Structures are given as structure tokens and as C-alpha cells.
Amino acid sequence: MSEADFEIIVIGAGPAGATAAASLARRGRRVHVLERGHFPRFSIGESLLPQCMSHLEEAGLLETVMAADYQPKNGAAFTRRGQETAIDFRDKSTPGWGTTFQVARADFDQRLIEAAQAQGATVEFGASVEAFHADGERPCVEVRDENGETRTLRAGFVLDASGYGRVLARLEDLERDARQEPRAALFTHVEERIEDPMHDRDKILIGVHPEDGGIWYWLIPFRDHRASVGVVGDIDKLAAGGTTLEARWRALIDAEPRFRRLLAGCRAIRPVSELRGYSADVERLHGPGYALLGNAGEFLDPVFSSGVTIALRSASLAAPLVERQLAGDAVDWEAEFEIPLRAGIDTFRAFVDAWYDERLQTIIFHADAPPEIKARISAILAGYAWDRSNPFASASRKHIDTLATLCRLHGEKRAAASGSDP
Ligand SMILES: Cc1cc2nc3c(=O)[nH]c(=O)nc-3n(C[C@H](O)[C@H](O)[C@H](O)COP(=O)(O)OP(=O)(O)OC[C@H]3O[C@@H](n4cnc5c(N)ncnc54)[C@H](O)[C@@H]3O)c2cc1C
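Take any residue in the sequence shown, count from 1 to its spot, add 387: that is its number in the numbering used here.
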């Protein structure tokens, strides 16, 4: 074992880790990133939200993202039992970016970490953090390299951005119930030849299973006629559709008429993958000498593509606090990090819960929502969940409830007048 010193150690080089490393390195801090894997590597989480853009900009990472020529994204389109609707992020009530990108994460994550390196962060790949010692002034990590050798590294502060690795959640015994049903996702990348003029490549397409509102689909177009296609739902229901992952994925896609039509001639270009029970949460997002970023802390559900946004938000909130702490200031991590970060996550949670109990589906598929209400919903779905001036952020559950009830009653009245189903 040998010892080395850094001002900040970051565990994990995904979007949260790269953004934190870049932010701190450009402030002149000595940051070292320990990444278990080797980049480029596949990762799920390809549809960004416009709120990401200002965080990328702040961390000096926007230039490399803009240079990548990714597929632009300006909103989300929805399909359910033949009903089509869309939310355009540019109509949002919160000021700021209204567009973003859909990104193949292998390339995106590599670009971000390379840009962090260019700003002065050092990065070690193939370096897995296996143990941790919390300490308000000199926390340390034990890192194992690919030859099986371990070293102890000390730092002034440790940021855990290990995502699904959940390093400090496990080692510091912070895990708590995620308060989400355990769901699964089946997904792959396809080569597609979609020619339907109604298909808007600038939007993620979200579909709802015609017979089960708890099963939903995504179609995320990339450049070059490639796309990410996945389905999410109850673990047992997703397992029931076939003997192989490919067969289950195809059977579920074929069950939704618009997805079946759009993807009729597509070819999977990587094996279908499955992720189960990915929702996670922790008792607290900070402790002596450390804080948890992105998925290493809390992960809800992918339905509103909020994961990378929360990861970047957490990094952008934490970086100036780490800097202040290293400069000798007393930082109140609860008041200045955990509470403000959780406020936006709780807004997303209210939206996710309302999606699965179908109140949000009632709102989204309601044809006549007033534009000012649509603009506020659009702001949340664009990632501006921390905008407390938006009542759908500051009192999400109450406003979703009221609006869903109004939409339902209005739908029933209209259906009664026309003699059709609501
Ligand atoms: C089915 C599904 C679909 C999703 N779709 C979207 C979407 O469309 N849009 C969106 O924004 N989000 C989406 N997400 C969420 C998204 O995947 C994550 O929120 C995002 O990747 C979190 O970034 P991160 O930097 O926190 O963690 P990660 O991207 O997971 O990065 C963590 C890094 O830490 C490394 N690591 C792990 N353990 C160790 C260790 N012991 N030592 C060193 N390094 C370690 C890993 O190798 C990894 O590179 C989706 C999630 C799921 C499950």
C-alpha cells in the first residue's frame, strides 16, 4: 500500500463525476477521479433535459457537447391507444435553455471526462474503490487496480459519483427504501428506417401499453438512423413475454401499435439488456468529508429522463461547497446541498408517482389544457424542477391532483356529450 494526496477524490467518471471534476479543476483544485471501468463504455440514460445545458456550460463542458453533432431534442411526444400528443420544451414557463440533445452515452461520457481532464483533473481508469474511511478533514479511500493491488488515497474531500456502483451508500450503510415499485427495463439500440412523416426525431417518443398503463416505452432517435428503444414495467409482467430478452422486448414492442409500425423493419445492433430494481435512495447525501452525487445517492425512475439532469445538478451544487469547505469555511451540507437538491428530486418523484397512477397520463393526454398550465408542466419535464416559482414544482402533488381531476371531469363531460369513451 502506498499513500497519495489530492484535494478532492471523485469516485466514478460518469456525468456526475465528470461535471464535479471539471467544475473543481477549473477553480484550480487538484481533483483525482477513480473510475472502475474503461471508456468508451455503454451506459443507459441517453435523453437529456434542457436544464442540463446550463450545468454543462457552468462546468466548461458545453463546447465538447456542442461539437459532437448529437441529435437535437426539443420535447417529448406521447402515444397511447392511438392518441398522440406532445410537449415542446421551448414553450416552458421557466427561463433558460429550451432544447438539448439525445446522446449515445459511450461517446457523451467520454467527451465529458476528457474535457474534465483538459481542465486539469487527473483520471485513473480500471481503479475500483473498495473501502472508505470517513473523516471530516482527511477522508481516505482504498482503491484496487486491475492487477489486484490496493492503495490508500487521502483527500480533503471525497465525492461519490459511482452511480449504480453505490459505493458509499454500501460502505457507509446509507441505503434506504427507494419508495418506488421494483420495475425492470428491457432495451437495445436499433438501426431504423422510419419514414413516417408524423415521427418527430427532435422528440423522445413515450408510448403507453394499450392494456396496461404501468408499462411504457421509449424511442430515442440518434443521428445516422440509430435509436435507443426500451420498455419499462413491472418485473414479472416484463418477464412473462418470452424465453429470451430479445423475444420479450420484441413482443412488448409489437403490443403497442405505433411502436410496432415505426419499428417494423428495424434491426437490433446490440443485444437486448435488462436492468431490474434500479430505483435507489439513501438516508442522507453527505457525511464527514464526503457527499453523494447523481445516482450514487437517489435514483427514481427513467420515465421523465431526469437522471442525468439530477446528476449534473448535484455536481453543480456540490462543487462550490467543496471549494468553500477546503478554504476553511463551515459548510452546512444539509441546508446548502441535501435540502435544495432533494426539493427538485421530490418534484420529479411527484411526477413519476402521478405517471404510474395515471393522473399525469390523464393530464398529458388531455386535449384542451390551457397554454399557461401546459407551459408549467413543460418546464418540469424540461428539467426545471427546482424553479420554486412554478407551483408544479413548489406544491407538485396538490397541483397535479387538482389538474388531473379537472382533466378527468372535463373528459367525462365531453365524452357524455359525444356519446364516446372518456
Ligand atoms: C432504464 C433506464 C433508462 C434511463 N434513461 C435515462 C434518460 O433517458 N435520461 C436520463 O437523463 N437518465 C436516464 N437514466 C438514468 C441515468 O442512467 C443515470 O441517472 C445517470 O447515468 C447517472 O449518472 P451518474 O454520473 O450519477 O452515474 P453513472 O452514469 O452510473 O456513472 C457512475 C460511474 O461510476 C463508476 N463506478 C461504479 N462503481 C465504482 C467503484 N467502486 N469505483 C470506481 N468507479 C466506480 C461506474 O463504472 C460509472 O462509470 C435511465 C436509467 C435507467 C435505469
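Glycine included, C-beta positions come from ideal geometry on N, C-alpha and C.
Bear in mind that the values here come from a model prediction, so they are computed numbers and not experimental data.
### Query
Taking the alpha carbon of ILE474 as the point to measure from, which residue in ASP774, SER781, ILE760 has its own alpha carbon closest?
Looking up residue 474 in the sequence shown gives position 87. When each option's Cα is compared against that of ILE474, the closest is ILE760.
### Query
Does DSSP classify HIS442 as helix, strand or coil?
Indexing the sequence shown from 1 puts residue 442 at position 55. Helix, per DSSP.
### Query
Considering GLU394, what are the terminal residues of the beta strand (DSSP E) in which it resides?
By one-based count along the sequence shown, residue 394 stands at place 7. Looking at the DSSP string, the run of the beta strand (DSSP E) that includes GLU394 is 390-398.
### Task
Report the rounded CA-to-CA distance for PHE519 versus ALA503, giving the unit in angstroms.
Position 132 of the sequence shown holds residue 519. Position 116 of the sequence shown holds residue 503. So the alpha carbons of these two residues sit roughly 24 Å apart.
### Message
At the level of alpha carbons, what is the spacing between TRP484 and ILE431?
### Response
The residue you call residue 484 lines up with position 97 of the sequence shown. The residue you call residue 431 lines up with position 44 of the sequence shown. Each residue's Cα considered, the two are about 23 Å apart.
### Where the alpha helix (DSSP H) through HIS586 begins and ends
Counted from its first residue, the sequence shown places residue 586 at position 199. Counting along the chain, HIS586 falls outside any alpha helix (DSSP H), and DSSP gives it neither H nor E.
### 6 Å CB neighbourhood of ALA391 in its chain, flanking five on each side removed
Stepping through the sequence shown from its first residue, residue 391 is reached at position 4. Legend: pLDDT at ALA391 = 49, less than 50; position of this residue unreliable, value from coordinates given subsequently. So the list reads LEU540, once near-sequence residues are dropped.
### Task
Measure the C-alpha to C-alpha separation of ALA737 and GLY552 and round it to an integer number of angstroms.
Here residue 737 is taken as the residue at index 350 of the sequence shown, counted from 1. Here residue 552 is taken as the residue at index 165 of the sequence shown, counted from 1. Computed Cα separation, rounded: 26 Å.
#### Entry: Continuous alpha helix (DSSP H) stretch holding TYR743: start and end
Within the sequence shown, numbered from 1, the residue matching residue 743 stands at position 356. Residues 726-743.
### Query
Nearest CA to the CA of ALA754: which residue from ILE767, ARG635, LEU796?
Taking the sequence shown and counting its residues from 1, the one referred to as residue 754 is at position 367. Nearest option by C-alpha distance: LEU796.
### Query
What are the start and end residues of the beta strand (DSSP E) that includes ASP716?
One-based indexing of the sequence shown puts residue 716 at position 329. It is not in any beta strand (DSSP E) - ASP716 carries neither H nor E in the DSSP assignment.
### Query
Can you check whether the CB of PHE691 is closer than 8 Å to the CB of LEU768?
In the sequence shown, the residue the question calls residue 768 occupies position 381. In the sequence shown, the residue the question calls residue 691 occupies position 304. Against a cut-off of 8 Å, the Cβ pair of PHE691 and LEU768 comes out as a contact.
### Message
In whole angstroms, give me the CA-to-CA distance for ALA565 and ARG557.
### Response
Start at 1 with the first residue of the sequence shown, and residue 565 comes out as number 178. Start at 1 with the first residue of the sequence shown, and residue 557 comes out as number 170. If I take the Cα positions, the gap works out to 14 Å.
### Message
Measuring alpha carbon to alpha carbon, tell me which residue in LEU421, PHE724, GLU445, GLY399 is nearest ALA705.
### Response
If you number the sequence shown from 1, residue 705 lands on position 318. Taking only the C-alpha atoms, the option nearest ALA705 is PHE724.
### Query
How close, in whole Å, do the beta carbons of VAL739 and ASP668 come, if the pair is a contact with beta carbons under 8 Å?
By one-based count along the sequence shown, residue 739 stands at place 352. By one-based count along the sequence shown, residue 668 stands at place 281. Not a contact, Cβ separation roughly 13 Å.
### Task
Within the same chain, show all residues whose beta-carbon is closer than 8 Å to that of ARG711, passing over the 5 residues directly before and after it, in chain order.
By 1-based counting over the sequence shown, the position of residue 711 is 324. Cβ neighbours of ARG711 beyond the five flanking positions: VAL718.
### Query
Got a sec: does ligand 1 put a non-hydrogen atom nearer than 7 Å to the Cβ of VAL616?
Here residue 616 corresponds to residue number 229 of the sequence shown, with the count starting at 1. No, ligand 1 has no heavy atom inside 7 Å of this Cβ.
### Query
According to the Cβ coordinates, are PHE512 and GLU598 closer than 8 Å?
Here residue 512 corresponds to residue number 125 of the sequence shown, with the count starting at 1. Here residue 598 corresponds to residue number 211 of the sequence shown, with the count starting at 1. Against a cut-off of 8 Å, the Cβ pair of GLU598 and PHE512 comes out as no contact.
#### Entry: Integer-rounded CB distance, given that ALA491 should sit under 8 Å from ILE395
Reading the sequence shown from its first residue, position 8 is the one you call residue 395. Reading the sequence shown from its first residue, position 104 is the one you call residue 491. Not quite, the Cβ-Cβ distance comes to about 29 Å (not below 8 Å), so this is no contact.
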